[in-house]
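So the sequence lines, in the order shown, correspond to chains E and R.
Numbering of the first sequence is given in full-length UniProt numbering, commencing with residue 1 and proceeding in unit increments.
Numbering of the second sequence is given in full-length UniProt numbering, commencing with residue 1 and proceeding in unit increments.
See structure below.
There are 2 protein chains.
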Amino acid sequence: MHATVASTAGPFPDDPTEGVREIARRAGVAARSLATADRSTKDAALHAMADALVAATAEIVEANALDLERGRERGMEPGLLDRLALTPERIDAIAASLREVAGLPDPVGEVVRGQTLPNGLRLRQLRVPMGVVGMIYEARPNVTVDVAGLGLKSGNAVVLRGGSAAESGNSVIVRVLGEALATCGLPADLVQSIDRYGRDGAVALMRARGLVDVLVPRGGASLIQTVVRESLVPVIETGIGNVHVFVDESADQRDALEIVLNSKTQRVGVCNAAESLLVHEAIADEFLPLVLAALRERDVVIHGDQHTLDSASGLAIDAVAASEEDWSTEYLALELAVRVVPDLDAAIEHIRTYTSGHTEAIVTGSLVSAQRFENEIDAAAIMINASTRFTDGGQLGLGAELGISTQKLHARGPMGLAELTTTKWVVTGTGHVRP
Amino acid sequence: MHATVASTAGPFPDDPTEGVREIARRAGVAARSLATADRSTKDAALHAMADALVAATAEIVEANALDLERGRERGMEPGLLDRLALTPERIDAIAASLREVAGLPDPVGEVVRGQTLPNGLRLRQLRVPMGVVGMIYEARPNVTVDVAGLGLKSGNAVVLRGGSAAESGNSVIVRVLGEALATCGLPADLVQSIDRYGRDGAVALMRARGLVDVLVPRGGASLIQTVVRESLVPVIETGIGNVHVFVDESADQRDALEIVLNSKTQRVGVCNAAESLLVHEAIADEFLPLVLAALRERDVVIHGDQHTLDSASGLAIDAVAASEEDWSTEYLALELAVRVVPDLDAAIEHIRTYTSGHTEAIVTGSLVSAQRFENEIDAAAIMINASTRFTDGGQLGLGAELGISTQKLHARGPMGLAELTTTKWVVTGTGHVRP
Numbered sequence: 001m002h003a004t005v006a007s008t009a010g011p012f013p014d015d016p017t018e019g020v021r022e023i024a025r026r027a028g029v030a031a032r033s034l035a036t037a038d039r040s041t042k043d044a045a046l047h048a049m050a051d052a053l054v055a056a057t058a059e060i061v062e063a064n065a066l067d068l069e070r071g072r073e074r075g076m077e078p079g080l081l082d083r084l085a086l087t088p089e090r091i092d093a094i095a096a097s098l099r100e101v102a103g104l105p106d107p108v109g110e111v112v113r114g115q116t117l118p119n120g121l122r123l124r125q126l127r128v129p130m131g132v133v134g135m136i137y138e139a140r141p142n143v144t145v146d147v148a149g150l151g152l153k154s155g156n157a158v159v160l161r162g163g164s165a166a167e168s169g170n171s172v173i174v175r176v177l178g179e180a181l182a183t184c185g186l187p188a189d190l191v192q193s194i195d196r197y198g199r200d201g202a203v204a205l206m207r208a209r210g211l212v213d214v215l216v217p218r219g220g221a222s223l224i225q226t227v228v229r230e231s232l233v234p235v236i237e238t239g240i241g242n243v244h245v246f247v248d249e250s251a252d253q254r255d256a257l258e259i260v261l262n263s264k265t266q267r268v269g270v271c272n273a274a275e276s277l278l279v280h281e282a283i284a285d286e287f288l289p290l291v292l293a294a295l296r297e298r299d300v301v302i303h304g305d306q307h308t309l310d311s312a313s314g315l316a317i318d319a320v321a322a323s324e325e326d327w328s329t330e331y332l333a334l335e336l337a338v339r340v341v342p343d344l345d346a347a348i349e350h351i352r353t354y355t356s357g358h359t360e361a362i363v364t365g366s367l368v369s370a371q372r373f374e375n376e377i378d379a380a381a382i383m384i385n386a387s388t389r390f391t392d393g394g395q396l397g398l399g400a401e402l403g404i405s406t407q408k409l410h411a412r413g414p415m416g417l418a419e420l421t422t423t424k425w426v427v428t429g430t431g432h433v434r435p
Numbered sequence: 001m002h003a004t005v006a007s008t009a010g011p012f013p014d015d016p017t018e019g020v021r022e023i024a025r026r027a028g029v030a031a032r033s034l035a036t037a038d039r040s041t042k043d044a045a046l047h048a049m050a051d052a053l054v055a056a057t058a059e060i061v062e063a064n065a066l067d068l069e070r071g072r073e074r075g076m077e078p079g080l081l082d083r084l085a086l087t088p089e090r091i092d093a094i095a096a097s098l099r100e101v102a103g104l105p106d107p108v109g110e111v112v113r114g115q116t117l118p119n120g121l122r123l124r125q126l127r128v129p130m131g132v133v134g135m136i137y138e139a140r141p142n143v144t145v146d147v148a149g150l151g152l153k154s155g156n157a158v159v160l161r162g163g164s165a166a167e168s169g170n171s172v173i174v175r176v177l178g179e180a181l182a183t184c185g186l187p188a189d190l191v192q193s194i195d196r197y198g199r200d201g202a203v204a205l206m207r208a209r210g211l212v213d214v215l216v217p218r219g220g221a222s223l224i225q226t227v228v229r230e231s232l233v234p235v236i237e238t239g240i241g242n243v244h245v246f247v248d249e250s251a252d253q254r255d256a257l258e259i260v261l262n263s264k265t266q267r268v269g270v271c272n273a274a275e276s277l278l279v280h281e282a283i284a285d286e287f288l289p290l291v292l293a294a295l296r297e298r299d300v301v302i303h304g305d306q307h308t309l310d311s312a313s314g315l316a317i318d319a320v321a322a323s324e325e326d327w328s329t330e331y332l333a334l335e336l337a338v339r340v341v342p343d344l345d346a347a348i349e350h351i352r353t354y355t356s357g358h359t360e361a362i363v364t365g366s367l368v369s370a371q372r373f374e375n376e377i378d379a380a381a382i383m384i385n386a387s388t389r390f391t392d393g394g395q396l397g398l399g400a401e402l403g404i405s406t407q408k409l410h411a412r413g414p415m416g417l418a419e420l421t422t423t424k425w426v427v428t429g430t431g432h433v434r435p
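Here you go:
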């Protein structure tokens, strides 16, 4: 199968399945050489990658301009165009994030557990790289660099499918990163793109079980659901957040107001932004006027239950009647579903019914309520008297993140360097056998 | 959908998909009530389950006799019949293993990471139950009890598909365990079987994404591969072991002999038994006669390369020429593939080509060889001067095991109680918002 690599048809097979498998195989070989690289080698490469990106700013911006032009022609939304856009300032920021990753501790080689058994066998459970990490994502070229950097630091090769909308920019970025790796004596195959194979390539990546160790989709709900459904490679599901804030009867209402506003409006269109507000009935008539007015000021459209609609109407604030669908909707926009609930039990029941398991918040003065909420809600992150926007690798001290896992296997919540590793048991004896 | 539960058609829907989904839903509800149960409640239930099994010995043995009879009629192999058989002594041992699980620390609630951030946010990453654990396994009724016990201790409900060959015994065991749970005030739905739905039920279990949190197949290679391929529920792959022992030139040959014999013959038909032996060329002419004679004495059939065949023939020992297929074969029997390799590099290359990533062993006196083997072989467990049979939850001090994971995601190597949990971030503030 390797025969086609150097064929006259070019360095890679034309067939998407064979091409992606060849790329994944090369990634596996490259990953082997990185698995035992020491931290200083990896950090030097991260700095070289950062320098190379900055040095290639003009070329990257030019390629990105082609992507932007194509996007505008195809009627891409302004928000998405903004995410896609690369400026010299943004490239500097992306390079700076690589240097930050260089400053983080190396997860590889950490002894997670260890002991000497009564029979004298010495045990160590070590953190080791996964090997080959596949990533399927949408039009955000910064993800290309973030994943390459986190992958390198954790000892992994990455195979990237960045989406056609960002293809020109990503192609330059991947080449520049590969050249930087080569100058540090590391294989350029540590960072490879399969964009040339289009959608068929993405499907081939999902089928490359045995060649790719883990696949992380990052993007909208439909992308993630497709990967979860289609992939034979183990997947870490990320980032769908139907996030709730519950304001309990004992809440400090000023804190509650700030937390609701911050959770909904500090940044819109992100998975840790609030999508539903639940208010305890006992304080609804006092708190709703406060929060509805403040949300109105920030142009947030309210989808309310009857109690909320009555409050809004008394304040002459427009509000839409919430349908069953609203309780499950991740708006990713300046919209919020609002419901009054009779008590904590009803709040917990509502959240259990509609949660996507990402982040759930309670604002309360009651220790019992806080403990019940913490125990009884099953989500990656529980916020007690804090904004839902804190569910973020940087905010939680992980240094950087690959995405936010909403599944229970392997990684839950923000995925940092440790979540890109697996472990290996090393058992050392002196001729030990089992009796 | 719940309407059918109490319908005249009986407590469960007749349709396998609906039936399994209903069972999984009930498991989810039961798991919620267990998630916050304290250790003493769970340990009391484990003891009650052990007592109930012993008290029901006669009934279990009787039901098992039906399974054995059916097995014999269908021509089941003696080895499998032996695994299927339950005697009063075996039931006592199974009950004892439940009491051992009661003695293990509770993994739930452990703070895995925690800190107070510079902004005053207090972080805890807590170990919490998965929720609903599905298990698909073959005719070993002890697994029914092991999984129920480990699941209970780790706060999970289990949904079991134990295979038609063990159905009569498993049915009694599941009922007895459920009754014991009920006497402790815990829901019987914590331990449920889907055997009544046959193969269609197993397929429905693999499709029950969202209702089942993780699915663990345990059994032969074809069972495991089917589950890995078909399941939409996240799977932890277990137990395929193409296990190698490499005897380096600097090995203590008496140790090497004991380790090879123990790895191959201490117990046959288990995933951590050796299937291939690699011998460094420099000591082959001295070591092969020793090891071939000893293996011959223990009735081990040798599949050898030319060097090995020459040695065997010089000793008048029968040996078969190894084919390419032999290097990939998990014999699970008194057979061993034997190859002479020129050096450590060739041994590493051979193992990399054929490993299933379970356990790989080196016998050596060289620190450099040991370190290279440890670093360069990618497997769940590396044995240095120790038998491969030590890759076992009990042997490695985990107390008990659900199986041995050969995948890299979530769990690698023996899966104990911690591997049946996930984590949850709890972030406590005092009105914190993101600037």
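Here a beta-carbon is modelled for each residue, glycine too, at the ideal position from N, C-alpha and C.
For residue i and residue j, what's the separation of their Cα atoms in angstroms?
{"i": "residue 305 (chain E)", "j": "residue 255 (chain E)", "result": "23 Å"}
{"i": "residue 22 (chain R)", "j": "residue 149 (chain E)", "result": "45 Å"}
{"i": "residue 261 (chain R)", "j": "residue 312 (chain R)", "result": "17 Å"}
{"i": "residue 164 (chain E)", "j": "residue 328 (chain E)", "result": "30 Å"}
{"i": "residue 252 (chain E)", "j": "residue 383 (chain E)", "result": "15 Å"}
{"i": "residue 100 (chain E)", "j": "residue 399 (chain E)", "result": "8 Å"}
{"i": "residue 88 (chain R)", "j": "residue 167 (chain R)", "result": "18 Å"}
{"i": "residue 235 (chain E)", "j": "residue 57 (chain R)", "result": "43 Å"}
{"i": "residue 298 (chain R)", "j": "residue 415 (chain R)", "result": "32 Å"}
{"i": "residue 435 (chain E)", "j": "residue 395 (chain R)", "result": "11 Å"}
{"i": "residue 105 (chain E)", "j": "residue 133 (chain E)", "result": "20 Å"}
{"i": "residue 61 (chain R)", "j": "residue 54 (chain R)", "result": "11 Å"}
{"i": "residue 309 (chain R)", "j": "residue 338 (chain R)", "result": "9 Å"}
Ignore the nearest five residues each way along the sequence and tell me which others in residue i's own chain have a CB closer than 7 Å to its CB.
{"i": "residue 406 (chain E)", "result": "237, 238, 239, 240, 356, 357, 358 and 380"}
{"i": "residue 154 (chain E)", "result": "107, 108, 129, 417, 420 and 421"}
{"i": "residue 43 (chain R)", "result": "102"}
{"i": "residue 27 (chain R)", "result": "132, 157, 159, 189 and 192"}
Grab me the residues of residue i's own chain with a C-beta within less than 8 Å of its C-beta, minus the 5 sequence neighbours each way, in chain order.
{"i": "residue 112 (chain E)", "result": "125, 126, 127 and 423"}
{"i": "residue 300 (chain R)", "result": "264, 265, 334, 335 and 336"}
{"i": "residue 293 (chain R)", "result": "315 and 317"}
Would residue i be called buried (16 or more neighbouring beta carbons within 10 Å of its own) or exposed?
{"i": "residue 118 (chain R)", "result": "exposed"}
{"i": "residue 145 (chain E)", "result": "buried"}
{"i": "residue 388 (chain E)", "result": "buried"}
{"i": "residue 66 (chain R)", "result": "exposed"}
{"i": "residue 432 (chain R)", "result": "buried"}
{"i": "residue 11 (chain R)", "result": "exposed"}
Please return the same chain residues whose Cβ sits closer than 6 Å to the Cβ of residue i, not counting the five positions on each side in sequence.
{"i": "residue 231 (chain E)", "result": "206 and 215"}
{"i": "residue 186 (chain R)", "result": "45"}
Can you tell me where the beta strand (DSSP E) holding residue i begins and where it ends?
{"i": "residue 209 (chain E)", "result": "Premise fails: residue 209 (chain E) is in no beta strand (DSSP E) and is neither H nor E."}
{"i": "residue 154 (chain E)", "result": "No beta strand (DSSP E) holds residue 154 (chain E); DSSP gives it neither H nor E."}
{"i": "residue 272 (chain R)", "result": "First-last for residue 272 (chain R): undefined, no H or E at that position."}
{"i": "residue 377 (chain E)", "result": "From DSSP, residue 377 (chain E) is part of no beta strand (DSSP E); its letter is neither H nor E."}
{"i": "residue 191 (chain E)", "result": "191-193"}
Run through the DSSP bridge pairs and tell me what residue i is partnered with.
{"i": "residue 424 (chain R)", "result": "R:126"}
{"i": "residue 320 (chain E)", "result": "E:303"}
{"i": "residue 382 (chain E)", "result": "E:360 and R:426"}
{"i": "residue 335 (chain E)", "result": "E:301"}
{"i": "residue 114 (chain R)", "result": "R:124"}
{"i": "residue 134 (chain R)", "result": "R:159 and R:215"}
{"i": "residue 244 (chain E)", "result": "E:276 and E:360"}
{"i": "residue 404 (chain R)", "result": "R:414"}
Let's see if you can read the secondary structure: which residues bound the alpha helix (DSSP H) around residue i?
{"i": "residue 287 (chain R)", "result": "281-297"}
{"i": "residue 226 (chain E)", "result": "221-230"}
{"i": "residue 59 (chain E)", "result": "57-73"}
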